[in-house]
Amino acid sequence: MQFFLYILTFGLSIGLCAIGVTTSYRMKLVFPENHFSSLFYFQAFSFIYGFYGIWGIIISKLIMNNLSISENIIENIILLFPFLGIPFLIASWYLQLIFTFELKSIKTPRYFPILFFSVFSLAFLGAGLLFKYFLDGNISINLNDIIKSILLLNLLISVSSGFLLIVIPRRSVVPVDFLRRIALIFILAPFSLIIFYFLSGSFALAGIFFVLFYFITPALVSALFFLNEKPASVRPQHFDSLLSLCREFGISNRECEIIREICDGKSNREISERLFISLQTVKDHSHRIYSKTGVSSRVQLVNLVNEKIKPGPTPVKP
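All residue numbers for the sequence shown refer to the numbering used here, where the first residue is 15 and numbers rise by one.
Laid out in structure tokens, this is it:
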């Protein structure tokens, strides 16, 4: 029964990974905003560590328990999976913070990447030397201590991201209510992982929930963006013709989507809510659209589009 649950959980992990990565990759291609690119790579590295560092432990333990290998050797081999996967986890933490900065329109300081990777690289190197020292001295290493350290660091990064999203008074590229939802996921997720992990020693289901929750968290962030980006509107009627027109004027895909909304008679606020971007972002895009097309008003823009795209609505009279 337990083996069947592991198989089912592994299949669900693959499904959540596929949903999260394909969704964020689709948005990365369609929308030009930097935070979609950071979201995609944050998810990719998180899922890589999930399969390597978490499932690596589970699968290797299931295999080696059926072999004639001493318990000490099994534990040392299993320790390699979460440890060697740490670079992927560090990369995901970095991209999570960059994703947060971009959502809050915070310019990443030049020294931040150097400082971040220097600190974590030294910590990883130090842990590696300590790991080698224990192995050379035939000293057993407690797997729980390593996992607890990783969970606490994950908690620190996630709470920092949530704090930045909620507290820092900067202009955000998405509405404040949506930021609160993302921050809530970032803050609650690591606490839930810690709770599930400490319960997993007593309840096998808690360990399964721990694995699933790890994979659900990044996929949920991507799903929230996908649902609120109104993906069904990305390819409306005549949108391919509109895309050709936009390429002619050097207009981005996101600006093209805004043109479509303008032609549908939406106000800036309605566009902001429909595309789930801030009102100021809509205004900035509109200004660039006017500059690229050489028009000075919405009416002129609608008439220009209607002249180029047939069939289309009747041109608006100024």
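Where a beta carbon is used, it is the ideal one built from N, C-alpha and C, also for glycine. Quick caveat, the model's predicted, so the values are computed rather than measured.
- Query: Closest by CA to phenylalanine 134, which one among Phe102, Ile77, Asp298 and Leu241?
  - Reply: Phe102
- Roughly how many whole angstroms lie between the Cα atoms of glutamate 262 and serine 292? 27 angstroms
- Return the residue from the list Lys162, Phe240, Ala105 and Ser132 that minimises the CA-CA distance to leucine 213. Lys162
- asparagine 86: buried (16+ other C-beta within 10 angstroms of its C-beta) or exposed? exposed
- Which of helix, strand or coil DSSP assigns to proline 123: coil
- Item | Backbone CA spacing between aspartate 278 and serine 52 [nearest angstrom] | 31 angstroms
- Message: Tell me which residue opens and which closes the alpha helix (DSSP H) that valine 319 is part of.
- Response: 312–322
- Task: Within its chain, find whatever has a CB closer than 8 angstroms to the CB of isoleucine 323; leave out the 5 residues flanking it on each side and keep chain order.
- Result: His252, Ser255, Leu256 and Leu259
- Query: Measuring CB to CB, does leucine 315 end up less than 8 angstroms from isoleucine 276?
  - Reply: yes
- Item | Rounded separation between alanine 220 and isoleucine 28 - CA only | 19 angstroms
- Return the chain-ordered ranges of every alpha helix (DSSP H) run that is complete within the region 30–82 and spans a minimum of 4 residues. 48–63 and 69–78
- Task: Check whether the Cβ atoms of alanine 203 and serine 172 lie closer than 8 angstroms to each other.
- Result: yes
- Query: What first and last residue would you give for the alpha helix (DSSP H) that runs through asparagine 267?
  - Reply: 267–277
- Task: Return the residue from the list Leu81, Asp298, Ala32 and Thr37 that minimises the CA-CA distance to isoleucine 340.
- Result: Past the edges of the chain, shown from 15 to 332, lies residue 340, and the structure says nothing about it.
- Give the range of the alpha helix (DSSP H) segment to which glycine 176 is assigned. 157–181
- Query: Any chance the CB of proline 232 is under 7 angstroms from a heavy atom of the ligand NAD?
  - Reply: The ligand NAD is not part of this structure, which contains no ligands at all.
- Message: Measuring only the C-alpha atoms, how far is threonine 114 from phenylalanine 126?
- Response: 14 angstroms
- serine 60 to arginine 274, Cα distance in whole Å? 35 angstroms
- Message: Is the separation between the beta-carbon of phenylalanine 95 and that of glycine 140 shorter than 8 angstroms?
- Response: no
- Item | Nearest-angstrom Cα separation, counted from valine 35 out to leucine 26 | 14 angstroms
- Of all the options Tyr147, Lys121 and Arg124, which has the alpha carbon lying nearest to the alpha carbon of asparagine 90? Tyr147
- Query: What are the start and end residues of the alpha helix (DSSP H) that includes serine 281?
  - Reply: Here serine 281 belongs to no alpha helix (DSSP H), and DSSP marks it neither H nor E.
- Find the nearest neighbour of alanine 237 within the set Ile196, Ile73, Val313 and Glu321, judged by alpha-carbon distance. Ile196
- Item | Coarse secondary structure for phenylalanine 18, derived from DSSP in three states | helix
- Task: Report the rounded CA-to-CA distance for lysine 5 versus proline 123, giving the unit in angstroms.
- Result: In the structure as shown, the chain starts at 15 and stops at 332, and residue 5 therefore has no counterpart that could be examined.
- Could you tell me the distance, in whole angstroms, from the CA atom of isoleucine 160 to the CA atom of phenylalanine 97? 8 angstroms
- Mark serine 132 as exposed unless 16 or more other C-beta atoms lie within 10 angstroms of its C-beta, in which case mark it buried. exposed
- Task: Tell whether a beta-carbon distance below 8 angstroms holds between threonine 307 and leucine 318.
- Result: yes
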